[in-house]
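Inspection log for the structure reproduced underneath, given as structure tokens.
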Amino acid sequence: MEAEQLRAAKKGNQEAIAAIIETYQRPVFNLCYRMLGNRMEAEDIAQEALIKAITKLHLFDPSYSFKPWVLRIASNTCIDCLRRRKPEPSLDDMGEDGAWEWFPGHSPNPEREVMKQEQQSQVQDAVAQLQPLDRTVVALFYWEGLSYADISEVTDLTVPAIKSRLYRARRAMAEHLTQEAIHVQSYTQHA
Amino acid sequence: MCNHTHNMHNETWFMRATEGDLSAEEMRQWEAHLERCDACRQMSEAMAAVDHMLRTAPPPPTLPDDFTQATMARLQRQQQRQRWLVIFASILIIAIIVWLGGSALTSALASLSRTAHILIVGRDTIINALMRTTIGLMVSWRAFLPFVVMLAAIAGLWLMPNSVLATLTMLWISKRRQEFTT
Chain A
1 MEAEQLRAAK KGNQEAIAAI IETYQRPVFN LCYRMLGNRM EAEDIAQEAL IKAITKLHLF
61 DPSYSFKPWV LRIASNTCID CLRRRKPEPS LDDMGEDGAW EWFPGHSPNP EREVMKQEQQ
121 SQVQDAVAQL QPLDRTVVAL FYWEGLSYAD ISEVTDLTVP AIKSRLYRAR RAMAEHLTQE
181 AIHVQSYTQH A
Chain B
192 MCNHTHNMHN ETWFMRATEG DLSAEEMRQW EAHLERCDAC RQMSEAMAAV DHMLRTAPPP
252 PTLPDDFTQA TMARLQRQQQ RQRWLVIFAS ILIIAIIVWL GGSALTSALA SLSRTAHILI
312 VGRDTIINAL MRTTIGLMVS WRAFLPFVVM LAAIAGLWLM PNSVLATLTM LWISKRRQEF
372 TT
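Keeping their order, the protein sequence lines are chains A and B. Going by this note's numbering, the first sequence opens with residue 1, and the numbers climb by one from there. Going by this note's numbering, the second sequence opens with residue 192, and the numbers climb by one from there.
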């Protein structure tokens, strides 16, 4: 079914293209969101990645799976976006982050929603400490549930290299969160 | 920092423990090490907390309902822009080819024209000069006649074979002798 859709999409069939976008928009957006930490930017980059995938369909080898291929395009697009970003984060960005956004009336339980947003913020903050490629590896392993072999296909890294990157990413995030906890503790003691 | 088992303070042990790659005996050694080593235990706990935080992270926000339509519209805009770019580039290339080709053709025609002009004018000039010389000679032949005759005589004498010259000289001498005797 997917192979037929891909063949039709390659020939420019609009329905097949729409079906492919519909199928892969969620994993692509999720990866972008985890890598960029900003909903609006993630939507924009996810669209860009999906369009790139559609326009480069002639380069796709049908003997491979499509999902790692499209995620690879999404990861590379996010890495380019992160490289284009200014090194100093702006305070204005915090408001744009999906983790900080608040939509009154959307949830029946506002307290739980606030806790969820805080948890999301903590996760995105920890992921933001990582190098772009490490973010890809973490996002694919934890949230896309890809195997080491699939992550290897997306990132061009060997399986031992992926395990090593995952370990170092966890360690870096652990050190960051420990530092954050120390800061919070010292702040509350001084207050 | 623990001093009991130095070889456990490397990332290989942490990685194997996290991946569940340790044997039962190695696991027992690792747990014993963590009980004795505060730094490793704290790091192990912190990494376990990170692992838990990542696994239980709330899902990303939902996509807008019109995401597929918006992406399709953006794709179509992009394709249309590319089509226009291709058309514009094609027109530009054709215009350049025509311009360069026209220029080269004009240049070649001009060159041919110049060559033809030189040939025609050159031939006319030569004919003109020959005509002028011929007419000039025809008009002033009387003035030039003695000179021309002298030149012809010199040339005749110069080019005449010696035997002919000797015969003519003998005839002239014999004729002079007859005149002298009579």
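Even for Gly, the Cβ is constructed at its ideal location relative to N, Cα and C.
- Straight through space, the alpha carbons of Asn201 of chain B and Val159 of chain A are spaced by roughly 19 Å.
- Annotation: Phe60 of chain A to Tyr33 of chain A spans about 25 Å, alpha carbon to alpha carbon.
- For Glu48 of chain A against Thr23 of chain A, the beta-carbon gap comes to about 18 Å, at or over 8 Å, which does not count as contact.
- C-alpha of Asp134 of chain A to C-alpha of Ala126 of chain A: approximately 12 Å in a straight line.
- Distance between Leu303 of chain B and Ile288 of chain B, taken at the CA atoms: about 22 Å.
- With respect to chain A, the C-beta atom of Glu210 of chain B has a partner C-beta closer than 8 Å.
- Rounded to the nearest angstrom, the Cβ distance from Ala174 of chain A to Ala237 of chain B is 4 Å, consistent with a contact under 8 Å.
- For Tyr64 of chain A, the three-state secondary structure derived from DSSP is coil.
- Counting along the chain, Glu144 of chain A sits inside no alpha helix (DSSP H), nor does DSSP assign it H or E at all.
- A distance below 7 Å between beta-carbons, with the five flanking residues on each side excluded, links Gln269 of chain B to no residue of its chain.
- In terms of beta-carbon proximity, Asp242 of chain B lines the interface with chain A, with at least one pair separated by less than 8 Å.
- Following the DSSP letters along the chain, one finds Leu31 of chain A inside the alpha helix (DSSP H) bounded by residues Gln14 to Leu36.
- With a threshold of 8 Å between beta carbons, Glu153 of chain A makes no contact with chain B.
- Any Cβ of chain A closer than 8 Å to the Cβ of Gln271 of chain B would place that residue at the interface, and such an atom is absent.
- Within 9 Å of the CB of Ala261 of chain B, the CB atoms of chain A belong to Glu43 and Gln47, in sequence order along the chain.
- Inclusion of Ala3 of chain A and Pro68 of chain A in the CB contact set at 8 Å is not warranted, their separation being larger than that value.
- When only Cα atoms are considered, Val123 of chain A and Ile79 of chain A end up about 19 Å apart.
- Contacts with chain B at 8 Å (Cβ-Cβ) include Met173 of chain A.
- Measuring C-alpha to C-alpha distances from Arg84 of chain A to each of A:His58, A:Ile45 and A:Leu146 identifies A:Ile45 as the nearest.
- Between Thr262 of chain B and Ile51 of chain A, the beta carbon gap of about 7 Å places them in contact (Cβ cut-off 8 Å).
- Across the structure, His58 of chain A and Lys10 of chain A are spaced so that their CA atoms are roughly 6 Å apart.
- By the C-beta criterion, the region 226-243 of chain B is judged to be in contact with the region 163-172 of chain A, since at least 3 inter-stretch pairs fall below 8 Å.
- Interface flag for Ile73 of chain A against chain B is unset, since no Cβ pair is found closer than 8 Å.
- Cβ neighbours of Phe29 of chain A within its own chain (closer than 8 Å, five residues either side excluded): Ala42, Glu43 and Ala46.
- Of the other Cβ atoms in all chains shown, 16 or more fall within 10 Å of the Cβ of Val137 of chain A; this residue is therefore buried.
- Identification of chain B residues near Ser164 of chain A by a Cβ-Cβ cut-off of 9 Å yields Glu202 and Met206, ordered along the chain.
- Annotation: the continuous alpha helix (DSSP H) that includes Gln271 of chain B extends over Phe258 to Val330.
- Going by C-alpha positions, Ala230 of chain B is about 10 Å away from His224 of chain B.
- The contact set of Glu15 of chain A on chain B, defined by CB atoms closer than 9 Å, is empty, because the minimum CB distance reaches about 10 Å.
- Going by C-alpha positions, Ser147 of chain A is about 31 Å away from Glu15 of chain A.
- Between Lys163 of chain A and Glu222 of chain B the beta-carbon gap is near 21 Å, outside 8 Å, which marks them as no contact.
- In this structure Val154 of chain A does not touch Leu166 of chain A by the C-beta definition: roughly 14 Å separates them, more than the 8 Å allowed.
- Between the alpha carbons of Leu6 of chain A and Pro252 of chain B lies a distance of about 28 Å.
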